[in-house]
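Working notes, structure below.
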Amino acid sequence: MRTHEAGALHGDFASLRPSWLSVPEDVNALLPQLWADGVARSDEGVLHVGGIAVDTLAEQFGTPAYILDEDDFRARCRAWAEAFAGADVYYAAKAFCSKAVLRAAVEEGLNVDVCTAGELAVALAAGIEPARLGLHGNNKSLAELRQAVEIGLGRIVVDSFTEIERLDEIAAEFGARPQVMVRVNVGVEAHTHEYIATAHEDQKFGFSLADGDAYEAARRVIGSEHLELAGLHSHIGSQIFDTAAFEVSAARVVRLQARLREDFGAVLPEIDLGGGFGMAYTSQDDPQPPTDIAAALVKIVEAECAVAGIEPPRLSIEPGRTLIGPAVFTLYEVGTVKPVTLSGGSSRLYVSVDGGMSDNIRPALYDATYSATLASRVSQAVPALARVVGKHCESGDIVVKDEFLPADVAPGDLLAVPGTGAYCRSMGSNYNHVPRPPVIAVRDGEARVILARETVDDLLRLDVG
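Okay, here's the thing in structure tokens:
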């Protein structure tokens with residue numbers, strides 16, 4: 012690479028950075044699509060959220076911390092509920108689950124999808140009516156199925172023949188008739204990471220459409236005296252930015268629905284196309300607004316039903332990431348800054364923060380990309396290509412693989428990483444015995460803890476040896 016009179020950190024970065032990452036004209040500027048609506052930078056360069064400066068939040072609650080712009084999350088929930096008026100929108104609790112967040116989602120017009128007894132417990136503790144809950148999972152326990160039937164859960168998405176048998180027996184025991192959806196593996200693989208693409212055939216979820224298992228599962232539910240087949244369910248993956256894959260999926264599900272009507276006279280009232288709608292983590296991501304997604308999905312279902320000669324069923328979807336992801340950023344404190352010289356004379360800044368893969372495993376697990384910004388001051392320094400890394404004993408402990416930060420970033424600075432609301436706290440761990448960060452909700456100039464910071468005492472309390 013060409014050198015620069017100020018050193019390789021300030022030279023031609025093309026050989027080191029990904030093609031989508033541009034050298035910023037202003038290293039202090041925020042890309043609006045990556046941040047919650049309530050986030051802005053003051054003249055002094057300090058980030059504010061909901062009217063509160065991040066240095067104030069750091070002083071009051073410590074770092075690292077997940078910072079939730081509650082108004083932003085609520086606005087996203089309302090936007091999806093309004094865009095899908097006449098349909099059912101289930102917030103996917105797996106993305107991020109807490110009493111305050113689930114309660115806010117329901118208050119803004121959504122239902123909630125859970126997939127474990129723990130998520131169900133949080134939803135019930137939040138005061139959510141069981142009728143507004145759906146239960147997923149490829150290996151639901153007998154206790155989970157029993158509780159779902161006993162409390163009158165809104166719907167149960169079945170995932171195996173064993174589960175259908177168990178659910179039938181439990182429903183008979185309680186004299187209940189739970190609403191059941193059959194998860195159909197439609198053989199459509201969305202363009203996403205292998206581990207989060209969930210509708211190709213070689214994986215653990217759902218009944219295969221190709222080998223007839225989905226038809227047989229629906230037939231068994233229809234034939235049960237104790238189960239009510241409410242509809243068919245399909246989920247094709249995550250972080251999806253267009254509706255082309257949904258079109259193929261919907262066509263296949265609708266054809267199965269038409270066949271069930273022809274063979275058994277079954278008029279199924281609902282079709283669920285799952286979730287997986289993408290969000291912007293970096294400048295390379297371009298998610299669609301919910302109004303466009305709703306218009307496209309409704310059109311797809313109506314068109315496929317017209318071809319199949321059946322009435323369009325009620326549509327339901329399950330967004331999670333796109334609702335909570337952009338509403339949260341993680342606030343870190345810089346511990347060390349290390350210029351590392353690479354082959355050819357180029358170098359990169361390694362910026363170590365006080366968190367890492369224990370609060371965001373996605374870069375290590377999925378090679379996920381994130382952005383970052385200096386959050387506690389304005390800088391006049393030139394952009395330097397940096398890598399934000401954590402404090403764990405793993406070379407793969409990377410928070411942000413490639414980003415331009417001010418060349419004068421220093422220990423004690425605060426860094427903010429946007430888009431960390433989904434699958435960060437919910438997939439958090441205590442690796443290296445690092446306690447998990449708190450979640451701080453900010454709204455109207457007030458901040459409150461909605462998930463407390465773990466402490467070393469919490470870790471020791473569980474170590475009974």
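Just so we're aligned: 432 in this note's numbering is position 421 of the sequence shown, and the numbers increase by one with no gaps anywhere.
Built from N, CA and C at the ideal position, the CB exists for glycine as well.
Is it the case that the Cβ atoms of Ala182 and Pro189 are separated by a distance below 7 Å? yes
Could you name the residues that DSSP lists as bridge partners for Pro337? Looking at the DSSP assignment, Pro337 forms no beta bridge with any residue, so it has no partner.
Option in Val191, Asp66 and Glu155 with minimal Cα separation from Ile167: Val191
Under the three-state reduction of DSSP, which class applies to Ala210: helix, strand or coil? Residue placement at Ala210 is flagged as unreliable, the pLDDT there being 46, under the threshold of 50; a coordinate-derived value is accordingly withheld.
Coarse secondary structure for Val410, derived from DSSP in three states: strand
Of the listed residues Leu271, Asp222 and Val265, nearest to Val232 (C-alpha basis): Leu271
Beta-carbon within less than 8 Å of Trp31's beta-carbon, same chain only, minus the 5 sequence neighbours each way: which residues are those? Thr293, Ser294 and Gln295
Would the C-beta of Gly73 count as close to the ligand COA, meaning under 6 Å from any of its heavy atoms? This structure lacks the ligand COA; in fact it carries no ligand of any kind.
May I ask you to list the residues that DSSP assigns as paired with Gln190? Glu239
From which residue to which residue does the alpha helix (DSSP H) around Val467 run? Val467 to Leu473
Counting Cβ pairs closer than 8 Å, one from the stretch 244 to 253 and one from the stretch 283 to 292, do we hit at least three? yes
So what's Pro350 in DSSP terms, helix, strand or just coil? strand
Looking at the secondary structure, which residues open and close the beta strand (DSSP E) in which Ala228 lies? Segment Asp224 to Gly234 is the alpha helix (DSSP H) holding Ala228; no beta strand (DSSP E) there.
Have a look at Val393 and Glu414 and give me their C-alpha separation to the nearest angstrom. 13 Å
Going by CA-CA distance only, name the one from Glu180, Ala421 and Ala94 that's closest to Glu236. Glu180
In angstroms, rounded to a whole number, what distance separates the CA positions of Asp297 and Arg87? 16 Å
Please report the straight-line C-alpha distance between Val400 and Ala463, rounded to a whole angstrom. 24 Å
Can you pull the DSSP bridge partners for Leu146? Val125 and Ile167
Looking at Leu144 and Val123, is the spacing between their C-beta atoms short of 7 Å? yes
Starting from the Cα of Asn196, find the closest Cα among Arg263, Glu155, Ile304 and Pro422 and give me that residue. Arg263
Could you have a look at Val389 and say whether DSSP puts it in helix, strand or coil? coil
Whether Tyr102 touches Leu121 by CB criterion (7 Å): yes
Along the chain, where does the beta strand (DSSP E) containing Pro429 start, and where does it finish? Leu425 to Pro429
For the beta strand (DSSP E) that contains Tyr102, what are its first and last residues? Asp99 to Ala103
Report yes or no: do the stretch 302 to 310 and the stretch 347 to 361 share at least 3 C-beta pairs separated by less than 8 Å? no
His59 in three-state terms, based on DSSP: strand
Can you tell me which residues form a DSSP beta bridge with Thr344? Per the sequence shown, residue 344 should be read as Glu rather than Thr. Leu425, per the DSSP bridge assignment.
What does DSSP give as the partner residue(s) for His244 in the beta ladder? Arg194 and Asp283
Backbone secondary structure at Leu416 - three-state DSSP: strand
Alpha-carbon spacing of Gly163 relative to Arg28, whole angstroms: 53 Å
Taking the straight line between their C-alpha atoms, what separation do you get for Asp378 and Ile409? 9 Å
Across which residues does DSSP place Glu457 in a beta bridge pair? Arg454
Asp37 in three-state terms, based on DSSP: coil
Is it right to say Phe218 is buried, meaning 16 or more other beta carbons lie within 10 angstroms of its own, or is it exposed? buried
Starting from the C-beta of Asp66, find all residues in its chain whose C-beta is less than 7 Å away, skip the five residues before and the five after it, and write them out in chain order. Val57, Ser387 and Leu425
Buried or exposed for Pro449, please, with buried defined as at least 16 other CB atoms from any protein chain shown within 10 angstroms of its CB. buried
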